[in-house]
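S.K.: One structure coming up, written as structure tokens, with questions to follow.
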Amino acid sequence: MVRWSFGEIRQGNLWPISVALILVIASIFALSALAERMEQVIVKQGKDALTADAVFVSANPIPESLLSATDKLERATMTRFATMAFSDTGMQLISVRAVDEQYPLMGELVLENSESGPIQASQLWLDERIMAQLDVEKGDVVTIGDADFTVSGAVLMEPGLSFNPFQQMPSAYIHQSDVAKTGAIQVGSRVQYRLFLKGDDGVISQLQESTELSPSDRWRTQDTASRSNEVFERTTQYLSLTVAIVIIMAATTLVLTCQNYVNSRTQTIAMLKSLGASRRWIEKWLVIQVSILLVSASAVGLLLGSGLEYLLRIPLSDLLPNPLPSYGVTPFLTSVVSALLITVPALGIPLLGLIKTPALEVLQQGSSHRSWKHMVLVLVPLIPLLVLYANNTLVWIVLAAIAALFVLLAVISVLITKFLANISTRPAMKLALSRINRTPVTSGLQFGALSLSLMLLSIIWLVRSDILADWSRTLPADAPNVFALNIADYELASYLETLDANGVTRSQAFPIIRGRLAEINGQDVKEMEFAGDGSDAIRRELNLTWGDTLPEYNDILEGDWTNKASVSVEAQVASDLEIQLGDTLRFVINSQNFDATVDSIRHVEWRDMKPNFYFIFSSDVMASLPGSYLISYRINDDNEALLTSMSRAHPTVSVLDIRTMGDKIQALIQQIVSAITILALLGVVAGLLLIFTLLRLSLSQRQQEIRLYRTLGSSKKRINTTLWAEYGIMAFVASGIAALAAELCVAAVMTYGFDLKPQIHPELWIALPTATFAVLALVVMSLLKRLLTPVST
Numbered sequence: 001m002v003r004w005s006f007g008e009i010r011q012g013n014l015w016p017i018s019v020a021l022i023l024v025i026a027s028i029f030a031l032s033a034l035a036e037r038m039e040q041v042i043v044k045q046g047k048d049a050l051t052a053d054a055v056f057v058s059a060n061p062i063p064e065s066l067l068s069a070t071d072k073l074e075r076a077t078m079t080r081f082a083t084m085a086f087s088d089t090g091m092q093l094i095s096v097r098a099v100d101e102q103y104p105l106m107g108e109l110v111l112e113n114s115e116s117g118p119i120q121a122s123q124l125w126l127d128e129r130i131m132a133q134l135d136v137e138k139g140d141v142v143t144i145g146d147a148d149f150t151v152s153g154a155v156l157m158e159p160g161l162s163f164n165p166f167q168q169m170p171s172a173y174i175h176q177s178d179v180a181k182t183g184a185i186q187v188g189s190r191v192q193y194r195l196f197l198k199g200d201d202g203v204i205s206q207l208q209e210s211t212e213l214s215p216s217d218r219w220r221t222q223d224t225a226s227r228s229n230e231v232f233e234r235t236t237q238y239l240s241l242t243v244a245i246v247i248i249m250a251a252t253t254l255v256l257t258c259q260n261y262v263n264s265r266t267q268t269i270a271m272l273k274s275l276g277a278s279r280r281w282i283e284k285w286l287v288i289q290v291s292i293l294l295v296s297a298s299a300v301g302l303l304l305g306s307g308l309e310y311l312l313r314i315p316l317s318d319l320l321p322n323p324l325p326s327y328g329v330t331p332f333l334t335s336v337v338s339a340l341l342i343t344v345p346a347l348g349i350p351l352l353g354l355i356k357t358p359a360l361e362v363l364q365q366g367s368s369h370r371s372w373k374h375m376v377l378v379l380v381p382l383i384p385l386l387v388l389y390a391n392n393t394l395v396w397i398v399l400a401a402i403a404a405l406f407v408l409l410a411v412i413s414v415l416i417t418k419f420l421a422n423i424s425t426r427p428a429m430k431l432a433l434s435r436i437n438r439t440p441v442t443s444g445l446q447f448g449a450l451s452l453s454l455m456l457l458s459i460i461w462l463v464r465s466d467i468l469a470d471w472s473r474t475l476p477a478d479a480p481n482v483f484a485l486n487i488a489d490y491e492l493a494s495y496l497e498t499l500d501a502n503g504v505t506r507s508q509a510f511p512i513i514r515g516r517l518a519e520i521n522g523q524d525v526k527e528m529e530f531a532g533d534g535s536d537a538i539r540r541e542l543n544l545t546w547g548d549t550l551p552e553y554n555d556i557l558e559g560d561w562t563n564k565a566s567v568s569v570e571a572q573v574a575s576d577l578e579i580q581l582g583d584t585l586r587f588v589i590n591s592q593n594f595d596a597t598v599d600s601i602r603h604v605e606w607r608d609m610k611p612n613f614y615f616i617f618s619s620d621v622m623a624s625l626p627g628s629y630l631i632s633y634r635i636n637d638d639n640e641a642l643l644t645s646m647s648r649a650h651p652t653v654s655v656l657d658i659r660t661m662g663d664k665i666q667a668l669i670q671q672i673v674s675a676i677t678i679l680a681l682l683g684v685v686a687g688l689l690l691i692f693t694l695l696r697l698s699l700s701q702r703q704q705e706i707r708l709y710r711t712l713g714s715s716k717k718r719i720n721t722t723l724w725a726e727y728g729i730m731a732f733v734a735s736g737i738a739a740l741a742a743e744l745c746v747a748a749v750m751t752y753g754f755d756l757k758p759q760i761h762p763e764l765w766i767a768l769p770t771a772t773f774a775v776l777a778l779v780v781m782s783l784l785k786r787l788l789t790p791v792s793t
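Position one of the sequence shown corresponds to residue 1 (UniProt numbering), numbered consecutively onward.
Okay, structure coming up:
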């Protein structure tokens with residue numbers, strides 16, 4: 001029996017299932033392994049951007065209770081405050097970062113002469129911009145508050161990453177022990193205390209839950225909603241979506257190959273029963289075949305998947321860290337378990353039906369009846385899928401689209417082919433359409449499988465393209481790279497004239513002042529309860545602005561800008577704080593209360609690096625308040641000296657040069673783009689192989705019919721033309737419906753999964769039919785000669 005089972009595989013009856021299983025396991029393993037490594041890289045990049053696993057941020061000194069609770073974790077502390085720095089030739093407002101020896105826990109703090117931290121007591125390390133503005137060099141004396149420091153050197157690279165330009169004020173690093181002697185922190189001073197933690201995620205999560213936060217406290221982690229980790233979240237979503245799609249494509253092909261095998265063995269089982277074989281013997285025979293199949297396919301699939309993952313890693317050698325993070329056993333388990341779960345219904349349902357084939361089937365085909373009780377096996381992969389992706393909106397959108405596609409295709413394909421049959425006059429076309437319409441259910445399944453594969457391939461690539469298009473807005477080529485604030489009213493005109501005279505592209509000047517949101521409709525915001533964590537806008541002072549018009553790059557989503565005792569609110573803040581049109585907001589500015597009515601809600605794209613604000617008031621609300629001005633502009637390499645000369649001419653203006661931050665963001669985005677592209681290509685290659693296998697199986701099933709046509713006198717040319725016509729119709733219908741379904745599915749994925757605006761992809765309607773015909777041509781040409789030759793001799 002075992003020898004016969006091996007013979008069954010050797011003679012080719014089981015090879016399509018073997019190929020499908022090997023492809024399933026190899027594809028899932030390679031994609032899972034690479035995705036696992038890339039996810040580790042992405043998580044590491046995210047934590048490097050944060051410089052820790054978690055950061056506790058407060059306007060008050062770190063509580064002793066929290067310090068005690070974290071004494072077994074790796075930790076570092078930072079005290080941040082703004083103060084004036086003085087040299088013999090100038091002065092400059094700077095951001096002082098007082099750190100201890102453990103800082104940074106992640107990322108790099110690179111100091112002059114290739115030195116790296118830690119910062120030592122009595123040292124002063126200055127941002128290169130500060131050194132230029134104060135006209136000092138290493139060894140010169142700079143006064144910060146009441147303390148004199150000898151400049152230790154320049155800070156060449158800081159750890160961390162922020163999309164907020166206001167966090168990029170030129171930094172000076174000193175040791176925590178030197179804070180007291182500066183005398184810069186007094187009662188009422190604006191100061192921020194940070195505790196950086198590195199350790200087990202479970203321990204840190206428990207610590208977050210057990211820490212009671214005051215209104216001025218907050219936790220920052222990679223999972224905390226922020227504009228900088230939005231990139232990481234969307235990348236992780238895309239990885240899971242790609243893995244799920246490849247599994248779905250593999251499952252579809254495996255189901256079809258299993259059904260094809262069972263159909264080919266119906267006569268064999270009927271013959272065995274007619275010769276006296278018992279059901280138990282047949283079951284044992286089939287179990288041996290399936291066991292050999294699974295074991296051999298798993299071994300070959302894992303080996304092939306390992307090699308494929310290695311080859312796919314080569315283009316990512318610069319992106320992946322050294323030493324390379326291990327992907328562990330997860331890809332092995334994912335690939336083998338996924339294949340087993342898929343195989344249970346794919347092979348189980350048809351095999352259980354095959355076992356019940358009556359001996360009468362030898363003489364009278366079609367005498368067996370299908371039992372729907374076996375369909376319960378579909379729950380075997382479905383239940384784990386429900387558990388694994390219970391909260392993954394993207395996967396359910398794709399699954400819903402797949403179900404809708406099959407129903408839609410079953411109807412449209414039959415209607416289209418029947419319509420074409422009524423208008424076709426060419427004999428080959430009539431014969432092809434007759435062949436399709438003669439078995440509408442089978443043809444519908446073939447159309448559905450092909451369109452499904454094409455749709456999923458399109459989703460993988462289109463979602464990638466749309467995500468990358470959105471990320472290209474993160475830091476446009478012409479984005480501002482310098483922010484100037486604290487521009488006094490008397491020097492604004494001179495400052496702007498200098499920029500305009502040198503042809504510098506700039507924004508309008510925005511008056512700004514610091515203030516807090518205090519009340520919403522007469523209720524204290526500190527006493528109100530909001531869904532989720534509310535908003536960071538109620539925990540700190542904000543930069544507020546006013547004017548007669550709103551920035552042209554802010555889109556109004558609701559209401560209209562009336563410019564009369566009004567305030568316009570950023571959409572996310574409005575959602576977090578449940579602010580609606582017509583609400584009255586009270587702000588506290590310089591100990592004075594100011595009321596304004598919400599007349600509009602704006603969408604703000606924070607990543608474009610333009611001056612943006614949570615709240616913008618009409619001019620009449622702030623008429624009695626003085627304010628300084630903020631502008632942004634872009635400095636290119638050819639006017640580098642202009643920035644230095646302007647800093648010296650306007651020493652009280654704070655200049656935030658974010659070019660270094662921009663380079664870091666661009667490098668990070670480029671790395672993630674490489675990862676996304678490689679994963680998308682892997683998914684597309686796997687999908688094309690599956691489509692190739694699917695079409696080969698479909699064409700192989702035609703061999704018996706071709707023999708009949710040849711027996712009845714049909715020429716090779718007529719059969720050849722008919723086959724090309726039939727599969728050309730299939731490619732035309734399947735690619736058209738797949739393109740439409742992909743557009744609808746991608747629109748839903750981008751809207752509900754990634755919170756991005758959907759768009760039409762005209763290139764898909766050209767590329768998809770072209771690619772489908774190309775794959776179809778390869779399949780037909782690879783099998784046509786073998787199909788025709790045996791019957792022509």
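Glycine residues also receive a C-beta, built at the ideal position from the N, C-alpha and C atoms.
Quick check: what's the CA-CA separation for P769 versus V387?
M.R.: If I take the Cα positions, the gap works out to 36 Å.
S.K.: Taking all protein chains shown into account, decide if R194 is buried (16 or more other Cβ within 10 angstroms of its Cβ) or exposed.
M.R.: The residue in question, R194, is buried, as its Cβ has 16 or more Cβ neighbours within 10 Å.
S.K.: Could you tell me the alpha carbon to alpha carbon distance between H650 and L744, rounded to whole angstroms?
M.R.: H650 and L744: Cα-Cα distance of roughly 55 Å.
S.K.: Mark V733 as exposed unless 16 or more other C-beta atoms lie within 10 angstroms of its C-beta, in which case mark it buried.
M.R.: The residue is buried, with at least 16 neighbouring Cβ atoms inside 10 Å.
S.K.: Taking a contact to mean a Cβ-Cβ separation below 8 Å, would you say A98 touches D148 in this structure?
M.R.: Not closer than 8 Å, so no.
S.K.: Can you list, in chain order, the residues of its chain with a C-beta nearer than 8 Å to that of W396? Leave out the 5 residues immediately preceding and following it.
M.R.: Cβ neighbours of W396 beyond the five flanking positions: Y389.
S.K.: According to the neighbour-count rule (16 or more other Cβ atoms, all chains shown, within 10 Å of its Cβ), is T330 buried or exposed?
M.R.: Exposed, because fewer than 16 other Cβ atoms sit within 10 Å of the Cβ of T330.
S.K.: Count Cβ pairs between the stretch 339-348 and the stretch 53-70 that sit closer than 8 Å; are there 3 or more?
M.R.: Result no; under three Cβ-Cβ pairs closer than 8 Å.
S.K.: Start and end of the alpha helix (DSSP H) containing N636?
M.R.: Run containing N636: none; DSSP gives neither H nor E here.
S.K.: Using a 10 Å radius around the Cβ and a threshold of 16 neighbouring Cβ atoms, would you call K526 buried or exposed?
M.R.: Classification of K526: exposed, given that the 10 Å Cβ count is below 16.
S.K.: I'd like to know whether the C-beta atoms of S264 and A741 end up nearer to each other than 8 Å.
M.R.: No; because the gap between Cβ atoms is not below 8 Å, this pair is not in contact.
S.K.: Take A132 and list the residues in its own chain whose beta-carbon comes closer than 8 Å to its own, dropping the five residues that flank it on each side.
M.R.: Contacts found: T644 and S647.
S.K.: Going by beta carbon distance, what residues of the same chain come within less than 6 Å of I349, once the five residues before and after it are set aside?
M.R.: Around I349: H374 and L377.
S.K.: On the criterion of 16 or more Cβ atoms from any shown chain inside 10 Å, does K418 qualify as buried, or is it exposed?
M.R.: Result: exposed.
S.K.: So the candidates are M249, L347, A52 and R607; which of them puts its Cα closest to the Cα of S291?
M.R.: Nearest C-alpha to S291: L347.
S.K.: Please report how far the alpha carbon of P118 lies from the alpha carbon of L124, in whole angstroms.
M.R.: Those two C-alpha atoms are separated by around 12 Å.
S.K.: DSSP three-state call for M84: helix, strand or coil?
M.R.: Of the three classes helix, strand and coil, the one that applies to M84 here is strand, per DSSP.
S.K.: Assess contact between the stretch 541-559 and the stretch 569-588, defined as three or more Cβ pairs (one per stretch) separated by less than 8 Å. Is contact present?
M.R.: The answer is yes - the stretch 569-588 touches the stretch 541-559, with three or more Cβ pairs under 8 Å.
S.K.: Less than 8 Å between the CB atoms is what I'm expecting for I174 and V110, so what's the real figure, rounded?
M.R.: Going by Cβ atoms, the distance from I174 to V110 rounds to 17 Å, so no, they are not a contact pair.
S.K.: Measuring CA to CA, which of I245, S87 and I94 is closest to residue 802?
M.R.: Limits of the chain in this structure are 1 at one end and 793 at the other, which puts residue 802 out of reach.
S.K.: Give the straight-line distance between the Cα atoms of A20 and S210, rounded to the nearest whole angstrom.
M.R.: Taking the straight line from one Cα to the other gives about 51 Å.
S.K.: Per DSSP, R194 is paired with what?
M.R.: Bridge partners of R194: V57 and M78.
S.K.: Quick test of the definition: if touching needs 3 or more C-beta pairs under 8 Å, does the stretch 148-157 touch the stretch 69-80?
M.R.: As far as the Cβ criterion goes, the stretch 148-157 does not touch the stretch 69-80, which means the pair count is below three.
S.K.: Tell me whether I288 sits in a helix, a strand or coil according to DSSP, three-state version.
M.R.: Note: I288 maps to helix in three-state DSSP.
S.K.: For L302 and I22, what's the separation of their Cα atoms in angstroms?
M.R.: Whole-angstrom Cα-Cα distance: 8 Å.
S.K.: I'd like to know whether the C-beta atoms of K273 and A359 end up nearer to each other than 8 Å.
M.R.: Contact: yes.
S.K.: Exposed or buried, which one is P551 when buried takes at least 16 other CB atoms within 10 Å?
M.R.: Classification of P551: buried, given that the 10 Å Cβ count is 16 or more.
S.K.: Taking its Cβ as the centre, do 16 or more other Cβ atoms sit within 10 Å of T562, making it buried, or is it exposed?
M.R.: Label assigned to T562: exposed.
S.K.: Tell me whether the stretch 483-491 and the stretch 628-645 touch, counting them as touching only if at least three CB pairs, one residue from each stretch, are closer than 8 Å.
M.R.: They touch, by the three-pair rule.
S.K.: Ends of the beta strand (DSSP E) at W219?
M.R.: Looking at the DSSP string, the run of the beta strand (DSSP E) that includes W219 is D217 to T221.
S.K.: Can you tell me which of V344, L351 and S465 puts its alpha carbon nearest to the alpha carbon of V380?
M.R.: Measuring from the Cα of V380, the nearest candidate turns out to be V344.
S.K.: For the beta strand (DSSP E) holding V151, just list the boundary residues, first then last.
M.R.: Element bounds for V151: A147 to M157.
S.K.: Is N554 buried or exposed, if buried means 16 or more other CB atoms sit within 10 Å of its CB?
M.R.: When all chains shown are included, N554 counts as buried.
S.K.: With a Cβ-Cβ cutoff of 8 Å, do W546 and F617 count as a contact?
M.R.: In contact: W546 and F617 (Cβ atoms closer than 8 Å).
S.K.: According to DSSP, is T584 part of a helix, a strand, or is it coil?
M.R.: Strand.
S.K.: Beta-carbon within less than 8 Å of D583's beta-carbon, same chain only, minus the 5 sequence neighbours each way: which residues are those?
M.R.: Counting only Cβ-Cβ distances below 8 Å, and skipping sequence neighbours, we find I520, N521, T597 and V598.
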